[in-house]
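In order, the protein sequences belong to chains A and B. Oh and the first sequence: position 98 is 156 in this note's numbering, straight run, nothing missing. Oh and the second sequence: position 84 is 969 in this note's numbering, straight run, nothing missing. All C-beta atoms in this analysis are idealised placements derived from N, C-alpha and C, irrespective of residue type, glycine included. Have a look at the structure below, then the notes.
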Amino acid sequence: AQKVTQAQTEISVVEKEDVTLDCVYETRDTTYYLFWYKQPPSGELVFLIRRNSFDEQNEISGRYSWNFQKSTSSFNFTITASQVVDSAVYFCALSVPNRDDKIIFGKGTRLHILP
Amino acid sequence: DTAVSQTPKYLVTQMGNDKSIKCEQNLGHDTMYWYKQDSKKFLKIMFSYNNKELIINETVPNRFSPKSPDKAHLNLHINSLELGDSAVYFCASSHLGLAGSNEQFFGPGTRLTVL
């Protein structure tokens, strides 16, 4: 069975600090996709990144970076120099293609960036 | 030119009523989904349709019935509403079968409150 664990329920940091959101996943499949979504207070779900299981290169997009490590089944997300606008709930998710393609979401991490 | 739209955005109704939530996507995708987000922010898939055919049906009460009149629409009808149905319902779409894909685009959500 597939599972996504986000152990951090809630995190608060002061603006400009770096923060890392942890994500650990479980699957027996060798081909899978990992995602991060952001849900700001307005409620919509914003797609941030998709990674396939064969690409372990870390990715950087502006202040956002992702560290994918298959050896530890982790796909962690780091925000550098955090800003108040980064305050949101962040979801890590997993899907396995060629099955039913459903996305399994973690329970989310609520991130508060304090001014 | 919204990609995935849902109506209504808010729905307040009495217990026992029947209500529908509509979803439309203009992305040309062949697969659409309904997710439920409960008060603890936990996101869980309910249904998935591919080319108007049901492919995912999680353990959802049969009071919930999805209807897909065409590839661009997936409506959710709920009979005999209960207090526990209060949640935010998200519609999503994707292009199933695209290798390396399954990026799901989410609608803005419908907040259902059952009194």
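Original post:
So which residues of chain A does residue 928 of chain B contact, with C-beta pairs closer than 7 Å?
Top reply: 149, 163
Subject >> Contacts around residue 126 of chain A, its chain only, beta-carbon distance under 6 Å, and the 5 residues preceding and following it disregarded >> reply: 109, 114, 133
**OP:** Select from B:955, B:909, B:901 the residue whose C-alpha is nearest the C-alpha of residue 1003 of chain B.
**Re:** Given a span of 886 to 1000 for chain B in the structure shown, any question on residue 1003 of chain B remains unanswerable.
Original post:
Helix, strand or coil: which one does DSSP assign to residue 955 of chain B?
Top reply: strand
Original post:
Exposed or buried, which one is residue 935 of chain B when buried takes at least 16 other CB atoms within 10 Å?
Top reply: buried
Original post:
What's the call for residue 921 of chain B, buried or exposed, on a 16-neighbour Cβ count within 10 Å?
Top reply: buried
Original post:
Are residue 66 of chain A and residue 167 of chain A closer than 8 Å when you measure CB to CB?
Top reply: yes
Original post:
Since residue 152 of chain A meets chain B, which of its residues come closer than 9 Å, beta carbon to beta carbon?
Top reply: In chain order: nothing, as chain B lies at least about 11 Å away.
Original post:
Name the DSSP beta bridge partners of residue 82 of chain A, please?
Top reply: A:63, A:132
Subject >> Endpoints, the beta strand (DSSP E) within which residue 945 of chain B is located >> reply: Premise fails: residue 945 of chain B is in no beta strand (DSSP E) and is neither H nor E.
**OP:** Under 7 Å between beta-carbons, which chain B residues line up against residue 108 of chain A? List them in chain order, please.
**Re:** 988
Subject >> Beta carbon proximity, residue 994 of chain B to chain A, threshold 8 Å >> reply: yes
Original post:
With a Cβ-Cβ cutoff of 8 Å, do residue 102 of chain A and residue 993 of chain B count as a contact?
Top reply: yes
**OP:** Apply the 10 Å Cβ neighbour rule to residue 969 of chain B and answer buried if 16 or more other Cβ atoms are within range, or exposed otherwise.
**Re:** exposed
Original post:
What does a CB cutoff of less than 6 Å around residue 1000 of chain B pick up in its chain, not counting 5 residues either side in sequence?
Top reply: 899
Original post:
So, is residue 118 of chain A buried or exposed, given that buried needs 16 or more other C-beta atoms within 10 angstroms?
Top reply: exposed
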